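J.: First, the structure itself, so that you have it in front of you.
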Amino acid sequence: MAKRRSVAVLLALLMACLVLPISTVGAELTTEERLAEEGLTVLALRNDTIDTNQDGDIDAVRVVVVLNSTADSNELIVKLRGLHKEREVLEVQEVAFEGQTNITLVYDAWSKGEHGLRLDFFDENGEFIATYPLPTFVLEPALQVPRVDLVLNAGFMLQTGEECEIVRNFGDETGPRYGETGVRTFTGAPFSVLDSDEILDCSSWPAGNYELKETYRNGLGQTAESTLNFTIENRPAPLFTLAVSGHENTTETPCNVRMDASDGRSPADLTKIWRVKGEVVPGANSTVLDCSNLPAGAYLITLEVITEKLISSTEGTNLIRLPGPDLDAEEREGLPSTSLGPETETESVGWFSIGALALVVSVLVFILLVRNREPDALELPSLGPTPQVLADGSPDTQGLPTTVDDQGVLWRQHPGGEVDWWDQEWRIWHRWE
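See below:
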């Protein structure tokens, strides 16, 4: 009898164990019951699809909840969750009310495709209360996706110092909408570029090939990229000629040397250095040199023109100033004389005298050649390379563009890119290896 009783008790315990999980599952509270425990009742729940940009595609969902409370006061946190491409975004709203309230949340699509929505309720401490599953919507975003575009505003053949600007067109409405603003990265410029720099002034950039690139990625994984390639050529040395008025005129007549630019540059942006016989004319930074005050004589006048990039070129011309006609004997004594041409007085010498002189000279030369052995060639020491200078003593650049570095060394550049430096001691050019 006792054995049968033990078996009955064991069977009862086994049945209780089988029934217990069923009772537990059956005790799972519904969303309405969970809200009721907080004194809340959902009176209405509505989902409205919206076409915000009126293009015929649904791009947003508006969720409206009407709640009633029996408590004296309620503080709730309501979150509208949207799941798309394994990435979740939130719309959060905190409310405090008594009696009844309406809560409206709007979900904007940030990417094309299916968006699964869910509504969650939390108390003021962030403790979960209940959740409402919402339908899945197929949406087309109306928000602007990330966009980066680099635009060059410049001439076709861009040279140093010419007008040049780069416009950075950027936009992203999606990232900031969900607090997922990304990072912009700019590379290829000769200096740092800030996000606030919408227009870059490249007119002062040095010559070279540029490969600019800007990339952007927001917190939602959306990316944008733009590249811009262009070349800035080295502006060549100034091209100009010298026009002389007053050459071979007498000193009482007007005289000037004028610079005529032939490359279209504005002379106002150039530095002009005039030299007379190698001496710099002070304060003569102009396109015209007044030579009326030069006394009679021959002069080498040169003009060196330097750009803002320290690229220079030099041109020269010869000028002759003749003595004036109204000079006394003392004034003429210290001045060069003027040739009278065919009117110059000469003494006639007979042909007989010329022949006799030629015979005597021939006999003397023959005797000297026969009696004197040819001397050995005189070996002279090397005096170094021939100086490469102009008549005024300045370096002969051969029309190549030049520049002066921070150490004061003069350089010139060949069309192929090779450069020479000026040796002031030997006054010659050396190729830079």
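Numbered according to the working numbering, the sequence shown spans residues 912 to 1344.
From the three backbone atoms N, C-alpha and C, an ideal C-beta is built for every residue, glycine too.
Keep in mind that this is a model prediction, so the values were computed, not measured.
Take every Cβ of the segment 1204-1218, pair it with every Cβ of the segment 1172-1182, and state whether three or more of those distances are shorter than 8 Å.
T.: Yes: the two stretches touch, three or more of their Cβ pairs being nearer than 8 Å.
J.: Three or more beta-carbon pairs under 8 Å between the segment 1057-1068 and the segment 1000-1012, yes or no?
T.: Contact between the segment 1057-1068 and the segment 1000-1012 is absent, because fewer than three Cβ pairs lie under 8 Å.
J.: From which residue to which residue does the beta strand (DSSP E) around Thr1138 run?
T.: Sequence index remark: in the sequence shown, residue 1138 carries index 227 (1-based). Element bounds for Thr1138: 1134-1143.
J.: Given that a residue counts as buried once 16 or more other Cβ atoms are within 10 Å of its Cβ, and exposed if not, what is Ser1264?
T.: One-based indexing of the sequence shown puts residue 1264 at position 353. Exposed, since its Cβ has fewer than 16 Cβ neighbours within 10 Å.
J.: If I'm right that Val989 touches Leu1016 with Cβ under 8 Å, what's the distance once you round it to whole angstroms?
T.: Here the question's residue 989 lines up with position 78 in the sequence shown. Here the question's residue 1016 lines up with position 105 in the sequence shown. Their Cβ separation, rounded to whole angstroms, is 7 Å, which keeps Val989 and Leu1016 in contact under 8 Å.
J.: Indicate the three-state DSSP secondary structure (helix, strand or coil) for Gly1086 in the structure shown.
T.: What you label residue 1086 is simply residue 175 of the sequence shown in a count that begins at 1. It is helical.
J.: Going straight from the alpha carbon of Trp1343 to that of Ala1195, what length do you get?
T.: Residue numbering aside, residue 1343 sits at position 432 when the sequence shown is read from its first letter. Residue numbering aside, residue 1195 sits at position 284 when the sequence shown is read from its first letter. Whole-angstrom Cα-Cα distance: 34 Å.
J.: With 16 other CB atoms within 10 Å as the buried threshold, where does Glu944 fall?
T.: Reading the sequence shown from its first residue, position 33 is the one you call residue 944. So Glu944 ends up on the exposed side.
J.: Do you know offhand how far Lys1185's Cα is from Met1170's?
T.: To locate residue 1185, count along the sequence shown from 1; it is residue 274. To locate residue 1170, count along the sequence shown from 1; it is residue 259. Residue identity differs from the one stated: residue 1185 is Trp in this sequence, not Lys. When rounded, the distance between both Cα atoms is 10 Å.
J.: For Glu1125, count neighbouring Cβ atoms within 10 angstroms of its own Cβ and tell me buried if that reaches 16, exposed if not.
T.: As a first step, residue 1125 is located in the sequence shown; it is residue number 214 there, counting from the start. Answer is buried; the Cβ neighbour count reaches 16.
J.: For Ala1172 and Thr1225, I'd like the C-alpha separation in whole angstroms.
T.: As a position in the sequence shown, residue 1172 is number 261, starting the count at 1. As a position in the sequence shown, residue 1225 is number 314, starting the count at 1. Roughly 12 Å between the two C-alpha positions.
J.: Using alpha carbons as the reference points, say which of Val1000, Glu1038, Gly950, Leu1069 lies closest to Gln1011.
T.: Walking along the sequence shown from the start, residue 1011 turns up at place 100. Among Val1000, Glu1038, Gly950, Leu1069, the Cα nearest to that of Gln1011 belongs to Gly950.
J.: Between which two residues does the alpha helix (DSSP H) holding Arg945 run?
T.: For the purposes of this step, residue 945 is taken as the residue at position 34 of the sequence shown. Segment 942-948, the alpha helix (DSSP H) holding Arg945.
J.: By how many angstroms is the C-alpha of Thr1092 removed from the C-alpha of Glu1009?
T.: Locating residue 1009 in the sequence shown gives position 98, where the first residue counts as 1. Locating residue 1092 in the sequence shown gives position 181, where the first residue counts as 1. When rounded, the distance between both Cα atoms is 37 Å.
J.: Between Leu1233 and the rest of its own chain, which residues show a CB-CB distance below 8 Å, the 5 nearest in sequence each way excluded?
T.: In the sequence shown, residue 1233 corresponds to position 322, counting from 1. Within the same chain, Leu1233 has close Cβ partners Glu1159, Asn1160, Thr1161, Thr1162, Ala1207, Thr1249.
J.: Count the other C-beta atoms from every protein chain shown that fall within 10 angstroms of the C-beta of Gly1328, then say buried if there are 16 or more, exposed otherwise.
T.: Here residue 1328 corresponds to residue number 417 of the sequence shown, with the count starting at 1. So Gly1328 ends up on the exposed side.
J.: Expressed to the nearest angstrom, what Euclidean distance is found between the alpha-carbon atoms of His1325 and Leu1311?
T.: Looking up residue 1325 in the sequence shown gives position 414. Looking up residue 1311 in the sequence shown gives position 400. Their Cα atoms are separated by approximately 6 Å.
J.: Assess, as a yes-or-no matter, whether the segment 1110-1120 is touched by the segment 1141-1156 under the definition of 3 or more beta carbon pairs within less than 8 Å.
T.: Cβ pair count under 8 Å is three or more, so yes.
J.: Whole-angstrom Cβ separation of Arg1088 and Asp1031, contact assumed at under 8 Å?
T.: Along the sequence shown, one-based indexing puts residue 1088 at 177. Along the sequence shown, one-based indexing puts residue 1031 at 120. Contact doesn't hold; Cβ gap of about 20 Å is too wide.
J.: Could you check how far apart the C-beta atoms of Gly993 and Leu1028 are, in whole angstroms? I think they sit under 8 Å.
T.: Locating residue 993 in the sequence shown gives position 82, counting from the first residue. Locating residue 1028 in the sequence shown gives position 117, counting from the first residue. Going by Cβ atoms, the distance from Gly993 to Leu1028 rounds to 6 Å, so yes, they are a contact pair.
J.: To which residues does DSSP link Gln1004 through a beta bridge?
T.: Looking up residue 1004 in the sequence shown gives position 93. According to DSSP, which records beta bridges pairwise, Gln1004 is partnered with Val989.
J.: With DSSP as the reference, label Glu969 as helix, strand or coil.
T.: For the purposes of this step, residue 969 is identified with residue 58 of the sequence shown, where counting begins at 1. With the sequence shown as reference, residue 969 is identified as Ile, and Glu is not the correct amino acid for it. Reduced to three states, the DSSP call for Ile969 is coil.
J.: For Phe1102, which of helix, strand or coil comes out of DSSP?
T.: Counted from its first residue, the sequence shown places residue 1102 at position 191. In this structure, Phe1102 counts as coil in the three-state DSSP scheme.
J.: In three-state terms, what does DSSP make of Ile1222?
T.: Taking the sequence shown and counting its residues from 1, one reaches residue 1222 at position 311. Coil, per DSSP.
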